[in-house]
Amino acid sequence: MNNATVVWPNSLWAAVTPPGPELPELIGTQQADVVVIGGGFTGLSTALHLREAGVDVAIVEAMEPGWGASGRNNGQVIPTLSRPDPDDIVARHGPAGERFVYLLRDSASTLFDMASRYGIEAEQEQTGWMQPVHSPGRIKIAERRVRQWSKFGAPVELLSREQARDMTGSEAWFGGFWNRTGGHINPLALSRGLARATIVKGARIFARSPASSFTRTGNRWLVKTEKGEISARALVVASNAYSGEFAKSLVPDIAYEVMPVLSWQMATQPLSDNVRKTIIPGRQAMSDTHGELYFARYDARNRLVTGGAIIGPGDKAERLKGIVTQRLRRLWPQIGEVRFDYVWNGYVGMTTDYMPRFHRLGPDAYGWTGCNGRSVALTMGLGNELAKAVRGVPENELALPFTRPVRIPAHGLLRKIAPIKLLLYRYRDAREI
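Okay, so the sequence shown: first residue is 0 according to numbering that gives the first Met the number 0, each after it adds one.
Okay, here's the thing in structure tokens:
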């Protein structure tokens with residue numbers, strides 16, 4: 000089985016991105032200093048930072064780099080969390096939380112700098128990220144975010160209603176939050192570019208090799224797959240929302256503390272130059288304050304890449320096209336006819352408090368989960384911290400607020416009914432605060 004036979008969804012990114020490097024399966028016995036489970040953004044960033052430090056590292060990936068959430072997302076580069084702000088993070092985690100806030104502050108620039116340093120072509124545009132507010136009372140969210148992020152030196156700004164209108168090309172919003180370091184990328188191209196850079200630096204990546212277990216044997220970790228095994232001094236588990244998808248018993252404490260929620264993405268036909276100049280004319284990434292999120296950005300071909308949420312029976316992709324078409328026409332009447340060439344989905348790892356979770360899994364072993372829709376920027380800096388952790392950097396120097404895994408009660412049942420929460424979001428979105 001080679002890369003060409005890996006099944007991809009009807010994704011814009013899969014359609015326009017050159018193939019990734021040819022990668023072997025894990026067959027037989029291998030050894031490394033560090034083994035990483037998961038070849039998405041976190042695993043690739045971790046391995047690349049380890050190779051920069053001269054550490055022997057191997058990645059065990061269930062499919063191929065970017066096949067999971069790292070290659071299926073919207074590609075917005077957002078240097079914040081979705082809900083918690085700096086004061087929340089510091090109040091909960093103290094000095095480690097403060098270090099984590101600084102990692103978040105710099106996370107978008109870290110991504111763009113890494114792509115530039117390694118010559119990765121991923122349609123990257125550091126045009127900024129904005130969060131317009133969808134009702135007058137929601138301006139309190141933007142005010143709070145500007146106030147708190149300003150204390151940590153982030154280049155943020157409070158947008159007036161007029162500024163939000165000019166930046167979005169729509170009268171729908173009442174102001175907003177603006178961070179100049181954000182932007183957008185082709186996430187699959189970034190994944191494949193990171194994989195190439197990691198290999199050039201001397202790492203090994205084993206694809207189409209789902210890890211079935213990891214155990215501590217003596218003073219080493221042993222990761223097993225169907226056809227092979229790899230022994231290493233240290234271990235990083237970077238499977239995030241897909242932790243339980245290939246082997247439910249691989250890391251249950253992590254798999255059951257995160258809720259994999261299906262996120263739908265879609266891309267329009269390319270907009271004409273005249274229309275494009277009136278809709279988000281500065282080409283910023285945008286996602287607003289709705290719980291049922293309104294979000295959009297351009298790709299390199301001037302397709303508007305957006306998405307939405309859908310519940311209930313029937314052809315979800317077709318139903319979603321109708322819903323999002325009406326939304327786009329309401330926001331931007333000048334858009335004219337809306338046609339979608341691509342509709343795809345992937346899992347987002349959601350936690351109950353919208354905070355990512357970082358764990359010690361044993362001697363020289365670490366794991367994390369819970370991107371909460373913020374993996375693109377977050378994982379680049381996170382990979383550096385995990386690389387430092389397995390190299391022995393003291394915990395009080397890491398930007399990782401460690402906690403113990405806490406499983407979500409009745410996880411299986413809640414996973415089935417979680418989509419119904421969309422109804423609660425719609426109710427809250429209609430209310431003023």
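No residue lacks a Cβ here, since even glycine has one placed at the ideal position from N, Cα and C. Model, not experiment: these values are computed from the prediction.
### Query
Per the contact definition of three or more C-beta pairs closer than 8 Å, is the stretch 147 to 161 in contact with the stretch 16 to 27?
no
#### Entry: Cβ-Cβ distance between residue 259 and residue 69 below 8 Å
no
### Query
Are the Cβ atoms of residue 123 and residue 184 separated by less than 8 Å?
yes
### Query
Counting Cβ pairs closer than 8 Å, one from the stretch 337 to 351 and one from the stretch 244 to 259, do we hit at least three?
yes
### Task
Compare the C-alpha of residue 232 against each of 330, 11, 35 and name the closest.
35
### Task
Just mark residue 226 as buried or exposed, buried being the case when its beta carbon has 16 or more other beta carbons within 10 Å.
exposed
### Task
Identify, in the order they occur along the chain, each residue of the same chain with its Cβ nearer than 8 Å to the Cβ of residue 52, setting aside the five sequence neighbours on each side.
386, 390
### Message
Taking the straight line between their C-alpha atoms, what separation do you get for residue 272 and residue 304?
### Response
16 Å
### Task
List the endpoints of the continuous beta strand (DSSP E) containing residue 295.
294 to 297
### Message
If you follow the alpha helix (DSSP H) that residue 93 is in, where does it begin and where does it stop?
### Response
85 to 116
### Query
Using 8 Å as the threshold, is the stretch 6 to 16 in touch with the stretch 332 to 344, meaning 3 or more CB pairs across them?
yes
### Query
Ends of the alpha helix (DSSP H) at residue 123?
Premise fails: residue 123 is in no alpha helix (DSSP H) and is neither H nor E.
### Message
Using a 10 Å radius around the Cβ and a threshold of 16 neighbouring Cβ atoms, would you call residue 30 buried or exposed?
### Response
exposed
### Query
Could you give the C-beta distance for residue 266 and residue 189, rounded to a whole number, given that I count them as a contact under 8 Å?
The Cβ separation is near 17 Å, so there is no contact.
### Pairwise C-alpha distance: residue 206 and residue 431
49 Å
### residue 104 versus residue 27 - alpha carbon distance
43 Å
### Message
For residue 176, list the residues DSSP reports as bridge partners.
### Response
130, 157
### Task
May I have the straight-line CA-CA distance separating residue 88 from residue 404, to the nearest angstrom?
17 Å
### Task
Please name the residue, chosen from 118, 278, 148, that lies closest to residue 164 on a Cα-to-Cα basis.
278
#### Entry: For residue 274 and residue 334, believed in contact at Cβ under 8 Å, the rounded distance
6 Å
#### Entry: Same chain only: Cβ atoms within 8 Å of residue 414, ignoring 5 sequence neighbours per side
258, 259
### Message
In chain order, what are the residue ranges of uninterrupted alpha helix (DSSP H) at least 4 long that sit wholly in the stretch 13 to 76?
### Response
40 to 51, 68 to 71
### Message
For residue 379, which residues in the same chain have their Cβ closer than 8 Å to its Cβ, ignoring the five residues on either side in sequence?
### Response
40, 44, 106, 109, 110, 113
### Message
Suppose you measure from the CA of residue 5 to the CA of residue 74; what does that come to, to the nearest Å?
### Response
21 Å
### Task
Label residue 419 either buried or exposed according to how many other C-beta atoms from any shown protein chain fall within 10 Å of its C-beta, with 16 as the threshold for buried.
exposed
#### Entry: Nearest neighbour of residue 77, chosen from 64, 167, 153, 143 [CA to CA]
153
### Query
What are the complete beta strand (DSSP E) segments, minimum 3 residues, inside the stretch 239 to 273?
258 to 267
### Message
With three or more beta-carbon pairs closer than 8 Å as the criterion, would you say the stretch 280 to 290 touches the stretch 94 to 101?
### Response
no
### Query
For the 8 Å Cβ check, are there 3 or more pairs between the stretch 366 to 385 and the stretch 232 to 243?
yes
#### Entry: Nearest-angstrom Cα separation, counted from residue 130 out to residue 145
11 Å
### Query
DSSP three-state call for residue 387: helix, strand or coil?
helix
### Query
For the candidate residues 59, 95, 119, whose alpha-carbon lies nearest to that of residue 17?
119
### Same chain, Cβ closer than 7 Å to residue 169, five either side skipped, listed in chain order
330, 331
### Presumed contact (8 Å Cβ cut-off) between residue 82 and residue 353, rounded CB distance
4 Å
### Task
Put residue 3 into one of helix, strand or coil per three-state DSSP.
With a pLDDT of 43 at residue 3, under the threshold of 50, the modelled position of this residue cannot be trusted, and the question is left open.
#### Entry: Alpha-carbon to alpha-carbon, residue 213 and residue 135
51 Å
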